[in-house]
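**Student:** Going by our numbering, the letters in the sequence shown line up with residues 1117 to 1286, in that order.
We treat Cβ as the ideally placed atom computed from N, Cα and C, and that holds for glycine.
Below you will find the structure I want to go over with you.
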Amino acid sequence: MMNSKVHELLNQQINKEFYSAYLYLDFSNWFKSKGLDGFANWYLIQAQEERDHAMLFYQYLQNESKTITLEEISKPDKVFETGMDVLKAGLEHEEYVTSLINDIYSAAEEIKDYRTMQFLDWFIKEQGEEEANANGLISKMELFGSDPRSLYLLDKELAARVYSAPSLVL
């Protein structure tokens, strides 16, 4: 049986995931305004993934017959000067989300809520992938970002990314 602390943390995560979607839409908008449509596409897909993550938490709580309280979603408030600023903010945000997932897992582990721990296993793996992707983008930008032709090719690479819904079954 899920205790109130785990329930509260899972409910809060819904809001955090929707905020992540807002943040990545903001990143996408920033890149679009700079004419980097591939980067904009990459973050638009990130936003779709974060929205789906929120819905997975939502569905999990519903399946557990828990009340869901939707909160206000804050407006992203960072101002960026360069594309690298955006990419580093993305990595920082993914590390933050990883810490949130870890906190929920720890709370569930403390009370031996194995069902919630199993549910979170997918998110733990996903966060490893998210951080690796963010680090990869930073590395590529460090290598190619100062050369316009290379940046063009990197942007084209990112434009090829397509959305794939998560395969987690609840």
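1) In angstroms, rounded to a whole number, what distance separates the CA positions of Val-1213 and Tyr-1268?
2) Out of Asn-1127, Leu-1139 and Asn-1119, which one is the CA nearest neighbour of Ala-1205?
3) Rounded to a whole number of angstroms, what is the C-alpha to C-alpha distance between Asn-1145 and Asn-1127?
4) Less than 9 angstroms separating the beta-carbons of Leu-1259 and Ser-1266?
5) Can the beta-carbon of Trp-1158 be found less than 9 angstroms from the beta-carbon of Arg-1231?
6) Using the C-alpha atoms, what's the distance from Leu-1160 back to Asn-1119?
7) Taking just the CA atoms, how far does Leu-1270 sit from Lys-1256?
8) Excluding the five sequence neighbours on either side, which residues of its own chain have a C-beta within less than 8 angstroms of the C-beta of Tyr-1279, listed in chain order?
9) Report the residue from Asp-1219, Asp-1201 and Glu-1211 whose alpha carbon sits nearest the alpha carbon of Phe-1147.
10) Please determine, among Asp-1229, Ser-1222, Pro-1282 and Glu-1210, the residue with the shortest C-alpha to C-alpha distance to Ala-1250.
11) Report all residues from its chain with a CB closer than 6 angstroms to the CB of Ala-1156; omit the five preceding and five following residues, and keep chain order.
12) Which residues bound the alpha helix (DSSP H) around Pro-1264?
13) Using beta-carbon positions only, say whether Ala-1248 and Asp-1168 come within less than 9 angstroms of one another.
14) Helix, strand or coil for Asn-1249 per DSSP?
15) Which residue marks the beginning of the alpha helix (DSSP H) containing Met-1171, and which one marks its end?
16) Quick check on the DSSP output: the alpha helix (DSSP H) that includes Val-1278 runs from which residue to which?
17) Provide the residue span of the alpha helix (DSSP H) that contains Lys-1182, from first to last.
18) Counting only the same chain and skipping the five closest in sequence on each side, list residues whose C-beta sits under 6 angstroms from that of Glu-1133.
**Tutor:** In this structure, then:
1) Indexing the sequence shown from 1 puts residue 1213 at position 97. Indexing the sequence shown from 1 puts residue 1268 at position 152. About 30 angstroms.
2) Position 89 of the sequence shown holds residue 1205. When only C-alpha atoms are compared, the closest one is Leu-1139.
3) On the sequence shown, position 29 is the one that residue 1145 refers to. On the sequence shown, position 11 is the one that residue 1127 refers to. Taking the Cα positions, Asn-1145 is about 28 angstroms away from Asn-1127.
4) Start at 1 with the first residue of the sequence shown, and residue 1259 comes out as number 143. Start at 1 with the first residue of the sequence shown, and residue 1266 comes out as number 150. In this structure, Leu-1259 sits near Ser-1266, with a CB-CB distance shorter than 9 angstroms.
5) As a working note, residue 1158 is residue 42 in the sequence shown. As a working note, residue 1231 is residue 115 in the sequence shown. Taking 9 angstroms as the Cβ cut-off, Trp-1158 and Arg-1231 do not qualify as a contacting pair.
6) For this step, residue 1119 is matched to residue 3 along the sequence shown. For this step, residue 1160 is matched to residue 44 along the sequence shown. If I take the Cα positions, the gap works out to 35 angstroms.
7) What you label residue 1256 is simply residue 140 of the sequence shown in a count that begins at 1. What you label residue 1270 is simply residue 154 of the sequence shown in a count that begins at 1. Their Cα atoms are separated by approximately 8 angstroms.
8) Position 163 of the sequence shown, counted from the start, is the residue given in the question as residue 1279. Once the five neighbours on either side are set aside, the close Cβ partners of Tyr-1279 are Ile-1161, Gln-1164 and Glu-1165.
9) Numbered from 1 along the sequence shown, position 31 holds the residue referred to as residue 1147. Nearest option by C-alpha distance: Asp-1201.
10) As a working mapping, residue 1250 is identified with position 134 in the sequence shown. Minimum Cα distance to Ala-1250 is reached at Glu-1210.
11) By one-based count along the sequence shown, residue 1156 stands at place 40. Closer than 6 angstroms at Cβ, skipping near neighbours: Ser-1144, Phe-1147 and Lys-1148.
12) Against the sequence shown, residue 1264 aligns to sequence position 148. Boundaries of the alpha helix (DSSP H) harbouring Pro-1264: 1264-1275, taken from the DSSP string.
13) Locating residue 1248 in the sequence shown gives position 132, counting from the first residue. Locating residue 1168 in the sequence shown gives position 52, counting from the first residue. No, these two residues do not count as a Cβ contact at 9 angstroms.
14) Numbered from 1 along the sequence shown, position 133 holds the residue referred to as residue 1249. Under the three-state reduction of DSSP output, Asn-1249 falls in the helix class.
15) Your numbering for residue 1171 matches position 55 in the sequence shown. Under the DSSP assignment, Met-1171 falls in the alpha helix (DSSP H) whose first and last residues are 1153-1179.
16) Mapped onto the sequence shown, residue 1278 falls at position 162. Judged by DSSP secondary structure, Val-1278 falls outside any alpha helix (DSSP H); it is assigned neither H nor E.
17) As a working mapping, residue 1182 is identified with position 66 in the sequence shown. No alpha helix (DSSP H) holds Lys-1182; DSSP gives it neither H nor E.
18) For the purposes of this step, residue 1133 is identified with residue 17 of the sequence shown, where counting begins at 1. Here Glu-1133 has Glu-1166, His-1169 and Ala-1170 as same chain residues with Cβ atoms under 6 angstroms from its own Cβ, once five neighbours each way along the sequence are excluded.
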